[in-house]
Amino acid sequence: MKIGVLGAGQLGRMLALHGFPLGMRFRFFDPTAKGPANDLAEQHAEDYRSAGALKSFAQGLDAVTYEFENVPVESARLLAECVPHVFPPPEALEASQDRFAEKTLFNSLGIPTAPFCCVENVDALRGAVEQFGLPAILKTRRMGYDGKGQFVIRNESHIDEAFRELGGRNLILEGFVDFDRELSILAARNRSGQTVFYPLVENVHEGGILRVARAPAPNLTPAMQPHAEELATRVLNALNYDGVLAIELFEKHGNLVANEMACRVHNSGHWTIEGAETSQFENHLRAGLDYPLGSAHALGYTVMLNLIGTVPVVRDILSVKGAHLHLYNKAPKPGRKLGHITVVGENPEEREVRLQELMEVMGQEISNRS
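Here the numbering used here runs 1335 ahead of the position in the sequence shown, where the first position is 1.
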């Protein structure tokens, strides 16, 4: 089987690394000529909107998926006319690309979100702030990730500044959720309808970028995992979904509020490489080809640490018992995800000990507040 991947970043790289043992081969499409996946398979370095380049890319492929959520949905739809299967469905990609459409979908399915509305000018923004109260978060409807494209409005004096910074684009204002922590649920579903769910993950962010993920999430009530699975199932069924779906959630006193979804493999699922019976990457590929899915059962208590901006000394990382280092072949740059480390403990206490050891050899500290 030959799989085409739109995007050649670290997610595409890890998809290929987990597809190779299953006999799959890959071809990447990315305007950037030398991405993390570039040295694993052929790459078409063309514009996403070039119909001719996309048709050339599609020749001989059995299926196409995406590792980058901002691929133009028109490109996905064009490829769906050229290859046997594109997954997840382009309709899911379209919904996930627009924060207003995404939250509208959630609400239509009875999934709670923060209050939200579109704002077209500064007067509309002032009206929405008056309605929702402060703090509130002004966001671009499209193209935001890792904390980009958003501005936290903490008092009325920030309103003009927020609009100046983000204005000129379609915007959405979201009411602030005073959450206890951030969680995510990852599901995989194949075309036959078989579905597996990974354990809820607790996520800690710094500067809008995921820093630490713990799986299974600590201190869950008995109802939270099945409730998260039920919310994800509504989305999977509504979109006739196949592939891996991630939904980011806020938790407040045991209640779950949906923040956003990703129609692709997800950073908070990287722990599954060492920490689950079947990684999210393998199950994404199995799902899209309608293969039987592998178990999503956790093998222990895993912590994943993102490497952001700089790469530590490899020898130091490997000195920590059980540490698994994944580097993405990316040049160091502030705010850039360069790799991740996972450690699997036999119990939650060992997980925290190993995380502390990692932070000590890196000379860093980590906040436990999302």
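From the three backbone atoms N, C-alpha and C, an ideal C-beta is built for every residue, glycine too.
Remember, it's a predicted structure, so these values are computed and weren't measured experimentally.
My guess is that GLY1339 and PHE1364 are in contact by the Cβ rule of under 8 angstroms, so how many angstroms apart are they, rounded?
The count along the sequence shown starts at 1 and reaches residue 1339 at position 4. The count along the sequence shown starts at 1 and reaches residue 1364 at position 29. Correct: roughly 7 angstroms between the Cβ atoms.
Beta-carbon separation (whole angstroms), GLY1457 vs ILE1494, contact threshold 8 angstroms
Here residue 1457 refers to the residue found at position 122 when the sequence shown is read from its first residue. Here residue 1494 refers to the residue found at position 159 when the sequence shown is read from its first residue. The sequence shown places Val at residue 1457, rather than the Gly named in the question. That pair is a contact at about 7 angstroms.
Using C-beta distances below 7 angstroms, list every residue in its chain close to THR1556, excluding the 5 sequence neighbours before and after it, in chain order.
One-based indexing of the sequence shown puts residue 1556 at position 221. Residues GLY1589 of the same chain have their beta carbon placed closer than 7 angstroms to that of THR1556, with the five preceding and five following residues left out of the count.
Note the first and the last residue of the continuous beta strand (DSSP E) segment covering GLY1370.
Mapped onto the sequence shown, residue 1370 falls at position 35. That residue, GLY1370, is in no beta strand (DSSP E); it is neither H nor E in DSSP.
Taking the DSSP output, what are the residues bridged to LEU1414?
On the sequence shown, position 79 is the one that residue 1414 refers to. Residue pairing by DSSP places LEU1414 in no beta bridge whatsoever.
Less than 9 angstroms between the C-beta atoms of HIS1601 and LEU1518, yes or no?
Taking the first residue of the sequence shown as position 1, residue 1601 is located at position 266. Taking the first residue of the sequence shown as position 1, residue 1518 is located at position 183. Between HIS1601 and LEU1518, the C-beta gap is not smaller than 9 angstroms, which leaves the two residues out of contact.
Roughly how many angstroms separate the alpha carbons of MET1694 and VAL1512, rounded to a whole number?
Reading the sequence shown from its first residue, position 359 is the one you call residue 1694. Reading the sequence shown from its first residue, position 177 is the one you call residue 1512. Using only the alpha carbons, I get a separation of about 30 angstroms.
What span of residues does the beta strand (DSSP E) with LYS1474 cover, start to end?
For the purposes of this step, residue 1474 is taken as the residue at position 139 of the sequence shown. 1471 to 1475 is the extent of the beta strand (DSSP E) around LYS1474.
Judging by CA-CA distance, which residue of PRO1424, THR1613 and GLN1691 is the nearest neighbour of MET1639?
In the sequence shown, residue 1639 corresponds to position 304, counting from 1. The option with the nearest alpha carbon to MET1639 is GLN1691.
What did DSSP end up calling ARG1704 once you bin it into helix, strand or coil?
Within the sequence shown, the letter at position 369 stands for residue 1704. Note on ARG1704: pLDDT 45, under 50, position unreliable in the model; the coordinate value appears next. The DSSP-derived three-state label of ARG1704 is coil.
So for HIS1353, helix, strand or coil by DSSP?
Looking up residue 1353 in the sequence shown gives position 18. Judged by DSSP in its simplified three-state form, HIS1353 adopts helix.
Would you call SER1443 buried or exposed, if buried means 16 or more other Cβ atoms sit within 10 Å of its Cβ?
Counting from 1 along the sequence shown, the entry for residue 1443 is found at position 108. So SER1443 counts as exposed.
Same chain, Cβ closer than 8 angstroms to ARG1689, neighbours up to 5 away in sequence not counted
The count along the sequence shown starts at 1 and reaches residue 1689 at position 354. Correct list, in chain order: VAL1638, VAL1655, LYS1656, GLY1657, ALA1658, VAL1678 and GLY1680.
Going by the DSSP bridge assignment, what does SER1488 pair with across the sheet?
Reading the sequence shown from its first residue, position 153 is the one you call residue 1488. Looking at the sequence shown, residue 1488 is not Ser but Ile. Note: ILE1488 is bridge-paired with ALA1471 in the DSSP secondary-structure output.
Any chance the CB of ARG1650 is under 8 angstroms from a heavy atom of the ligand FAD?
With respect to the ligand FAD, the structure offers nothing, as it holds no ligand at all.
What do you get for GLU1402, buried or exposed, if any count of 16 or more other CB atoms within 10 angstroms of its CB means buried?
The sequence position of residue 1402 within the sequence shown is 67, counting from 1. By the Cβ neighbour-count rule, GLU1402 is buried, with 16 or more other Cβ atoms within 10 Å of its own.
Look up ILE1494 in the DSSP assignment and say whether it is helix, strand or coil.
Start at 1 with the first residue of the sequence shown, and residue 1494 comes out as number 159. Correct three-state label for ILE1494: helix.
Are there 16 or more other CB atoms within 10 angstroms of the CB of ARG1749, so buried, or fewer, so exposed?
Any property of residue 1749 remains undetermined from this structure, which presents the chain solely from 1336 to 1705.
Per-residue DSSP class, three states only, for ASN1618
Here residue 1618 refers to the residue found at position 283 of the sequence shown. Of the three classes helix, strand and coil, the one that applies to ASN1618 here is helix, per DSSP.
Sub-9 angstroms separation of GLU1509 and PHE1451 beta-carbons:
What you label residue 1509 is simply residue 174 of the sequence shown in a count that begins at 1. What you label residue 1451 is simply residue 116 of the sequence shown in a count that begins at 1. Result yes, Cβ atoms of GLU1509 and PHE1451 sit closer than 9 angstroms.
If you draw a straight line from the alpha carbon of ARG1704 to that of LEU1440, how long is it in whole angstroms?
Your numbering for residue 1704 matches position 369 in the sequence shown. Your numbering for residue 1440 matches position 105 in the sequence shown. Low confidence applies to ARG1704: its pLDDT is 45, below 50, so where it sits in the model is not reliable enough to give any reading.
Skipping 5 residues on each side, what residues in its chain have a beta carbon closer than 6 angstroms to that of TYR1551?
Stepping through the sequence shown from its first residue, residue 1551 is reached at position 216. First, the residue type needs correcting, since residue 1551 is Pro and not Tyr in the sequence shown. Taking C-beta separations shorter than 6 angstroms and ignoring five residues to either side along the sequence, the partners of PRO1551 in its chain run PRO1534 and ALA1633, following chain order.
Applying the 10 Å Cβ sphere with the 16-neighbour rule, what's the burial state of LYS1483?
The sequence position of residue 1483 within the sequence shown is 148, counting from 1. An exposed status is given to LYS1483, since fewer than 16 other beta-carbon atoms sit within 10 Å of its beta-carbon.
Nearest to ARG1526 (by Cα), restricted to the options PRO1425, LEU1653 and GLY1623:
Here the question's residue 1526 lines up with position 191 in the sequence shown. Nearest C-alpha to ARG1526: GLY1623.
So, does the CB of GLN1615 fall closer than 9 angstroms to a CB anywhere in chain D?
Looking at the structure shown, chain D is missing, and only one protein chain is on hand.
I'd like to confirm the pairing. Which residues does DSSP put opposite ARG1524 in its beta bridges?
Mapped onto the sequence shown, residue 1524 falls at position 189. According to DSSP, which records beta bridges pairwise, ARG1524 is partnered with THR1530 and GLY1578.
LEU1653, DSSP secondary structure in three states:
As a working note, residue 1653 is residue 318 in the sequence shown. In this structure, LEU1653 counts as helix in the three-state DSSP scheme.
Limits of the unbroken alpha helix (DSSP H) element including GLU1609
As a working note, residue 1609 is residue 274 in the sequence shown. GLU1609: member of the alpha helix (DSSP H) spanning 1607 to 1610, first to last residue.
DSSP three-state label for ASN1572, please.
Locating residue 1572 in the sequence shown gives position 237, counting from the first residue. Helix at ASN1572.
Could you tell me which residues DSSP puts in a beta bridge with ASN1590?
Position 255 of the sequence shown, counted from the first residue, corresponds to residue 1590. Within the DSSP bridge table, the entry for ASN1590 names LYS1587 as partners.
For the beta strand (DSSP E) containing LEU1506, name the first residue and the last one.
The residue you call residue 1506 lines up with position 171 of the sequence shown. According to the DSSP assignment, LEU1506 belongs to the beta strand (DSSP E) that extends over 1506 to 1510.
I need the straight-line Cα distance from ALA1411 to GLU1684, nearest angstrom please.
Along the sequence shown, one-based indexing puts residue 1411 at 76. Along the sequence shown, one-based indexing puts residue 1684 at 349. Taking the Cα positions, ALA1411 is about 45 angstroms away from GLU1684.
Got a sec, what are the start and stop residues for the beta strand (DSSP E) GLY1344 sits in?
Within the sequence shown, residue 1344 is the residue found at index 9, counting from 1. In the DSSP assignment, GLY1344 falls outside any beta strand (DSSP E), carrying neither H nor E.
Kindly give me the distance between the Cβ atoms of GLY1629 and ARG1621, rounded to whole angstroms, as I take these residues to be in contact under 8 angstroms.
Here residue 1629 refers to the residue found at position 294 of the sequence shown. Here residue 1621 refers to the residue found at position 286 of the sequence shown. Rounded, the Cβ-Cβ distance is 7 angstroms, consistent with contact.
Are the CB atoms of THR1645 and LEU1673 within a distance shorter than 9 angstroms?
For the purposes of this step, residue 1673 is taken as the residue at position 338 of the sequence shown. For the purposes of this step, residue 1645 is taken as the residue at position 310 of the sequence shown. Yes, Cβ-Cβ distance for LEU1673 and THR1645 is below 9 angstroms.
Residue environment, ASN1682, which counts as buried when at least 16 other CB atoms sit within 10 Å
Your numbering for residue 1682 matches position 347 in the sequence shown. By the neighbour-count rule (16 or more Cβ atoms within 10 Å), ASN1682 is not buried but exposed.
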